[in-house]
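Q:
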Amino acid sequence: MRKMNGSQILASSIRWLIGLLICIVVMLPITWVLSISLKPPEEWVAYPPTLVPLKPTFSNYIILFQPGNPVGGIAEMVSSAEPVTRAFINSLIVVPIATAASVLIGFLASYATVRFQAGGATLPLFVLTTRMFPPVAFAVPLLVYFRMLNLIDTQLALILMYTGFTIAFSLWMMRGFIEGVPRHVEEAAILDGASPWRVLLTITLPLVRGGLAATGLFVFILNWTEFLLAQIFTSREALTIPVQVSHYVGAVGRFYGPMAALGIVASIPVVVAGYIIQRYLVTGFTFGLVRE
Amino acid sequence: MADQQNMLIRLERLRKEFNGVIAVEGLDLDVVEGEFLCFLGPSGCGKTTTLRMIAGLETPTAGDVYLRGRRITHLPPQQRNVGFVFQNYALFWHMTVYENLAFGLRVRNVAPADIDHRVKEIAASLELTDVLHERARRLDLSTMQRVAMARTLVTDPEVLLLDEPLNNFRPGLREMMRGELKRWQMHLGRTMIYVTHDQEEAMTLGDRILVMNAGRCAQLDTPRHIYEHPANLFVASFIGRPPMNLIDVRYTVEGEKAFLVRDSLRLDITPLREKIERALAGETQLVLGVRPEHLSPGPFPEEGWVQFSLPAVVDLVQPLARKKFLDLKIGDALIKMVVSGTAPFRQGERFPLGFPLHRIHLFHPTTEEAML
Amino acid sequence: MTEYAPSLARPGVRTVLSRLEQKLSSERVFGTALIAPMQLLLWFLLIIPTLIVVYLSFVRWEPRMGVDWWSAPFAFLGNYARVITDTRFWAAVGRSTGIVIVAVTMEFLIGMGLAFFFSRPLPGKRIMTSAILYPMMLPWVVVGLCFYLLFLDRGPVNYALTQILNRPINVEWFKHPPLAMATIVLADVWQWTPFLFLILYSGLGALPKEPVEAAMTLGASRWQIFRYITLPMLKPVILIALVIRSLEAFKIFDVVFIMTGGGPGTATETISVYIYRVGFVFGQLSYAAAMAVLILILVTMITRVGVRPLE
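Protein chains in written order, with my numbering: chain A, 5 to 296; chain B, -18 to 353; chain C, 10 to 320.
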């Protein structure tokens, strides 16, 4: 990029600076959380607050998993806190399984609706409307169900719900990718004598790998961050990370350090996932509405 | 050369570079007011880029653009008052035809009554009155094209720039629209710069043609001159259908006579001896060019004609309605000839081949420029 | 087939025909098999529960009554009548609506501004646009946590205000209703402006360049181009973005729950929070059901109105 003259260079630099400023403003809140997570207890509510910890420490993170650990001298303060290990394990089990199930079922169903109009032409739209309802409305009867089946506070209940509630996304996201696979490629295989299952698994599936990944990551983010249903349906056994965060925030004792540390740790997987699918996100999120 | 007074646009040593790729280089051009000027060349030769630089949609890397003597090189398009018709028309498809036409005046805050008057006036002259209230996206191609033209005319621009506007038309309709365009231009008296890759189109429409090749000007001249006196090999081979025959030959002298020789094929060009030797300046290799339509079977009149030493053999006959294209083998060279549709040529036939000497074209082998 | 003499019909044709037949019917079977899991889930988790919710809204049932829900006494429209006269309900609706209006408007304006800012060439644009997107990806609860920490007593926001205004400021953000609302709106704006930015930015990028260039040659200034060309062409995209975001913003729960718990008192009680409280804290499930149904109807009607310009 060649700048033609001085005033253009100046204008360009100013714009770059503004851009930088915008990024900093956006980053600021979470940077503050990061900062607290690395601060020792005496700095948690120090006034005036400093952005950079004077004596940075990892003890907050350690405390998360081992509340009794005396490191950093926080132990006495947070003795009432529960280790987050359980929440972690639960999230790490429930979310990947639910995501995989949702993507798989969504892929199969999407294929059927795109290729064969299975279930009628309006099925996809109908599925979409299910996303319009507030989840809290479903929680009531689901509570009844799960009580009857003795599934309250279990991982299975969460997996079922997470799968069911994200299926609309999976269905619709995979749609575009499946439509992108030309029919004649599949038809060639059919005429060669392949059964429909074979076609699906060996021809179509490899071609939509990217779509499966993108959908998977998206659903992963949705499931990982889900709070309401987890809050309602779990308590001590099957609680997930978001619920754990709410416990920390509401707890008496004001242990901001570990609270912040938990927040950071909870965010890392989804930030990574989001970073990976950015390629998919930024290009073409227009739902085909902008006409040429 | 056009005199200073009716020079509308001048391009001086214009140069445009994109990321290290040179699109236009060293271009000088004077556009006469009221003329129909064509930019002609193959894809990627820089003709559209040059047009866009005149409009202000691209900024030159070096060089200048002048409009009526005023330097407008870095002026934004808004301030240049040029009309631009895009290849895909670029209509505002969410607006009606009326709104499209009125746009240029609306953004200049012209009074609605005046806008109305002008829009209706222009619409009438391009037969768009019936569709004035249609949405732009509903129109058919030729109507779109007229709307695109009308839209530029409403603001009374100094010059009209058209970027391959007939590309989207199928052949029959295209010829018809060509005629319409030419008629409008003459009627309106407006300067038009028209970009195309179709040499037939440029030859029929243009008062002058700027032939471009790889970002440079290959020749700037009237169609007739370009046809009769192509300045270089590129122009010679680009203009004309079928293209000019080009044969590598060697110049030799035998006593008084001068010949062009290619293996056993000889052509006696003694009358041109002086001219050629002056232009050659020691070189012996040349490229001989002669157009398919100027070749003729014997017998030949005495004066002014030359004949090849070997007979031509018909390799392939391609009949069209009024003409025939013949692929001939002469010596080891393959050339084409155009004859009347009724001429009875058959494959394998042999006959003596010649052409009028003044139709000869000779090109320097390395500079590729025309000699003579 | 019967028209042709048998000798003309090649033996292969019949096999192809029957294969086709097989394929068609097996296609149907196959298709049904493929959508079966999804149908199962939908019915089990979404459709039947909806029916149950509707049913529940017509009875009077609370789990502590000790009765099974299907034998709870009928209340017909009793619950609905109660909802309609429930001022707390309407207050919650009002709050949710208020949040939607204020937050989404801000998100739209800022997002639009950002989209335009980044649509011109800029070094490091890719990194910057990546960085801007990440608030969307954070778990809602973390966003709540984040802003909770920011607006704490003697926290960074109060400190910054003190520095800027040169007076000691120590606002107790979560104790004053309007301030608490402000923090929630702020949190929502911070988290979701990137979403609006993303959609508008993609939309801008997908717009054809030539009409803009044509407008330039016709003498339109940048502002005029924006107003008459860009904006109208973006209308469908803008509309969808607003509808999606508004629907989600209306249902806001996580952030409120974490930051203020609905308080102080009921000052930040959005509709989702209220339904949650009624259903899962007070245990009045059928009342909650009635509210949910009512909200659903309301939202559907409004969405219809909002989406109509698209057709």
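We put the beta carbon where it would ideally sit given N, CA and C, even for glycine.
Whose Cβ in chain A lies nearer than 7 Å to the Cβ of T41 (chain C)?
A: What T41 (chain C) touches in chain A: A122.
Q: Suppose you measure from the CA of S39 (chain A) to the CA of V152 (chain C); what does that come to, to the nearest Å?
A: So the two alpha carbons sit approximately 15 Å from each other.
Q: Does DSSP classify Y51 (chain A) as helix, strand or coil?
A: If DSSP states are grouped into helix, strand and coil, Y51 (chain A) belongs with coil.
Q: Please compile the residues from chain A whose C-beta is within a distance smaller than 9 Å of the C-beta of Y168 (chain C).
A: Simply Y51, P52, P53.
Q: Determine the extent of the alpha helix (DSSP H) in which V140 (chain A) is found, giving its start and end residues.
A: Taken as a continuous stretch (DSSP letters only), the alpha helix (DSSP H) holding V140 (chain A) covers 139 to 152.
Q: Might you give, ordered along the chain, the residues of its own chain that have their beta carbon closer than 8 Å to the beta carbon of I194 (chain A), omitting 5 neighbours on each side?
A: Counting only Cβ-Cβ distances below 8 Å, and skipping sequence neighbours, we find P200, V203.
Q: I'd like to know whether the C-beta of Q172 (chain C) is nearer than 8 Å to at least one C-beta of chain B.
A: For Q172 (chain C), the answer is no, since every Cβ of chain B falls outside 8 Å of its Cβ.
Q: Give me whichever residues DSSP pairs with D308 (chain B) in a beta bridge.
A: D308 (chain B) pairs with B:L297, B:K317.
Q: Please tell me whether Y89 (chain C) has its Cβ less than 8 Å away from any Cβ of chain A.
A: It does not; no Cβ of chain A falls within 8 Å.
Q: Can you tell me whether R99 (chain B) is buried or exposed, with buried defined as 16 or more other CB within 10 angstroms of its CB?
A: Classification for R99 (chain B): buried.
Q: Answer yes or no: does any C-beta atom of chain A fall closer than 8 Å to that of W149 (chain C)?
A: Yes, its Cβ sits closer than 8 Å to a Cβ of chain A.
Q: What residues in the segment 46 to 70 of chain C have a beta carbon less than 9 Å from any beta carbon of chain B?
A: Cβ contacts with chain B: none found.
Q: Between which two residues does the beta strand (DSSP E) holding P280 (chain B) run?
A: Taken as a continuous stretch (DSSP letters only), P280 (chain B) belongs to no beta strand (DSSP E), as it is neither H nor E.
Q: Compute the Euclidean distance between the alpha carbons of L191 (chain B) and R(-4) (chain B), then round it to the nearest angstrom.
A: Taking the straight line from one Cα to the other gives about 16 Å.
Q: If you draw a straight line from the C-alpha of L246 (chain B) to the C-alpha of V268 (chain B), how long is it?
A: So the alpha carbons of these two residues sit roughly 14 Å apart.
Q: Helix, strand or coil for N81 (chain B)? Go by DSSP, reduced to three states.
A: Here N81 (chain B) sits in helix by DSSP.
Q: Just the chain A side, please: which residues come within less than 7 Å of L294 (chain C) by C-beta, in chain order?
A: Within 7 Å Cβ-Cβ: V144.
Q: Within 8 Å of any Cβ in chain C, is that where the Cβ of N149 (chain B) sits?
A: It does not; no Cβ of chain C falls within 8 Å.
Q: Please check if any C-beta of chain C sits within less than 8 Å of the C-beta of F137 (chain A).
A: Closer than 8 Å: yes.
Q: Looking at chain C, is there any beta carbon in it that lies within less than 8 Å of the beta carbon of L129 (chain A)?
A: False, the Cβ-Cβ gap to chain C never drops below 8 Å.
Q: Going along the chain, which residues of its own chain have a beta-carbon closer than 8 Å to the beta-carbon of R163 (chain C), five neighbours each way excluded?
A: Within the same chain, R163 (chain C) has close Cβ partners N179.
Q: Short of 7 Å Cβ to Cβ, which residues in the segment 228 to 243 of chain A face chain C?
A: Residues passing the 7 Å Cβ filter: W228, T229, F231, L232, I236.
Q: If we count the other Cβ atoms within 10 Å of its Cβ and call it buried at 16 or more, is P280 (chain A) buried or exposed?
A: Before going on, a small fix: residue 280 (chain A) reads as Ile here, not Pro. Exposed, since its Cβ has fewer than 16 Cβ neighbours within 10 Å.
Q: Per DSSP, which one or two residues make a beta bridge with H342 (chain B)?
A: Answer is B:G270.
Q: Considering only C-alpha positions, which residue in the set B:V234, B:A94, B:K310, B:M130 is nearest to I257 (chain B)?
A: Cα-wise, what sits closest to I257 (chain B) is B:V234.
Q: In chain C, which residues lie with their C-beta within 7 Å of the C-beta of F20 (chain B)?
A: By Cβ distance, chain C contributes nothing, its closest Cβ being about 17 Å from F20 (chain B), past 7 Å.
Q: So, is the C-beta of F291 (chain C) closer than 8 Å to a C-beta in chain A?
A: By this cut-off, F291 (chain C) is not an interface position.
Q: May I ask you to report which of helix, strand or coil DSSP gives F130 (chain A)?
A: Helix, per DSSP.
Q: Using CA coordinates, which residue listed in A:T134, A:P138, A:A104 is at the minimum distance from I302 (chain A)?
A: Only positions 5 to 296 of chain A appear in the structure, and residue 302 (chain A) is not among them; the question remains open.
Q: Residues bridged to K(-3) (chain B) by DSSP?
A: Per DSSP, B:V5.
Q: Find the residues of chain A that neighbour S281 (chain C), judging by a C-beta separation of less than 7 Å, and give them in chain order.
A: Correct list: P138, V140.
Q: What in chain B is Cβ-close to G214 (chain C), meaning under 7 Å?
A: Those within 7 Å of G214 (chain C) in chain B number zero; the least Cβ separation is about 17 Å.
Q: Quick one: what's got a C-beta closer than 7 Å to L276 (chain B)'s C-beta in the same chain, skipping five residues either side?
A: If we look at L276 (chain B) and ignore the five residues flanking it on each side, its Cβ neighbours are M318, L334, F336.
Q: From the DSSP secondary-structure annotation, give me the bridge partner or partners of R49 (chain B).
A: R49 (chain B) is not bridged to any residue.
Q: Counting only beta-carbon atoms, is F85 (chain C) nearer than 8 Å to chain A?
A: It does not; no Cβ of chain A falls within 8 Å.
Q: Would you mind telling me which residues of chain C sit closer than 8 Å to I171 (chain A), beta carbon to beta carbon, in chain order?
A: What I171 (chain A) touches in chain C: M47, L50, L51.
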